[in-house]
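In what follows, a structure is listed as C-alpha cells, so that the remarks can point back to it.
In our numbering, the protein residues as written are 2 to 154.
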C-alpha cells in the first residue's frame, strides 16, 4: 500500500494524481530556483498558485471532515493528509518569503527614480531633524537605506 493509494482511498473521486504531483514538482522547482537565484525571478504563470491554494483549501476541508470520524484506519490517512498539507504550506511560505526578502533587499535598485525622491526628502543634518533624539534616531542603521549620491552634500 502506497501513500497515493491511501489518499485515493480517502477521496475516490480524485483521479488527477499526476496533475497534483506535477504541481508539487513545479512548486518545488520554483522554490529551489527562487532561493538559489540572486535576483527576483518572474512570477509563475499558468495559474499554479491558484491551483495550489485551491488544493490547500480542499485538504483543510477534508481534514475537518475526517477529524469528526476518529477510527484508527481514518486516523492514519488523516496524518498523511496533514503531512502533505504542511509540505505544501511550507513550500508556499518559504517561496513567498524568499521573494519578499529579495524585494526588500533590492527595493532601491528596482525603483531608482523613486528612491532618489525618497532619499532627498529626508533631512540631511541633525539640526534639520531636531536637537532632541527621537525614537526614529535610535533605530539601527539597517532600517534606513543610505541616501542617494545626488542628495549627499
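No residue lacks a Cβ here, since even glycine has one placed at the ideal position from N, Cα and C. Note that the coordinates shown come from a computational prediction; the quantities given were computed from them, not determined experimentally.
Closest Cα partner of residue i within the set the options
{"i": "residue 55", "options": "5, 93, 36, 97", "result": "93"}
{"i": "residue 53", "options": "69, 99, 26", "result": "26"}
{"i": "residue 59", "options": "36, 89, 107", "result": "89"}
{"i": "residue 8", "options": "38, 69, 79, 72", "result": "79"}
{"i": "residue 37", "options": "108, 102, 77", "result": "102"}
{"i": "residue 107", "options": "40, 22, 11", "result": "40"}
Rounded separation between residue i and residue j - CA only
{"i": "residue 20", "j": "residue 64", "result": "21 Å"}
{"i": "residue 45", "j": "residue 51", "result": "11 Å"}
{"i": "residue 47", "j": "residue 24", "result": "11 Å"}
{"i": "residue 32", "j": "residue 87", "result": "15 Å"}
{"i": "residue 49", "j": "residue 4", "result": "23 Å"}
{"i": "residue 98", "j": "residue 85", "result": "20 Å"}
{"i": "residue 96", "j": "residue 6", "result": "29 Å"}
{"i": "residue 77", "j": "residue 91", "result": "21 Å"}
{"i": "residue 123", "j": "residue 109", "result": "Unreliable placement is indicated for residue 123, whose pLDDT of 49 sits below 50; no coordinate value is reported for it."}
{"i": "residue 30", "j": "residue 83", "result": "22 Å"}
Burial state of residue i, where buried means 16 or more other Cβ atoms lie within 10 Å
{"i": "residue 62", "result": "exposed"}
{"i": "residue 28", "result": "buried"}
{"i": "residue 35", "result": "buried"}
{"i": "residue 104", "result": "exposed"}
{"i": "residue 66", "result": "exposed"}
Terminal residues of the alpha helix (DSSP H) in which residue i lies
{"i": "residue 70", "result": "Element bounds for residue 70: n/a, residue is neither H nor E."}
{"i": "residue 10", "result": "4–11"}
Neighbour flag for residue i against chain C, beta carbons, 7 Å
{"i": "residue 23", "result": "Note that chain C does not occur in the displayed structure, where there is just one protein chain."}
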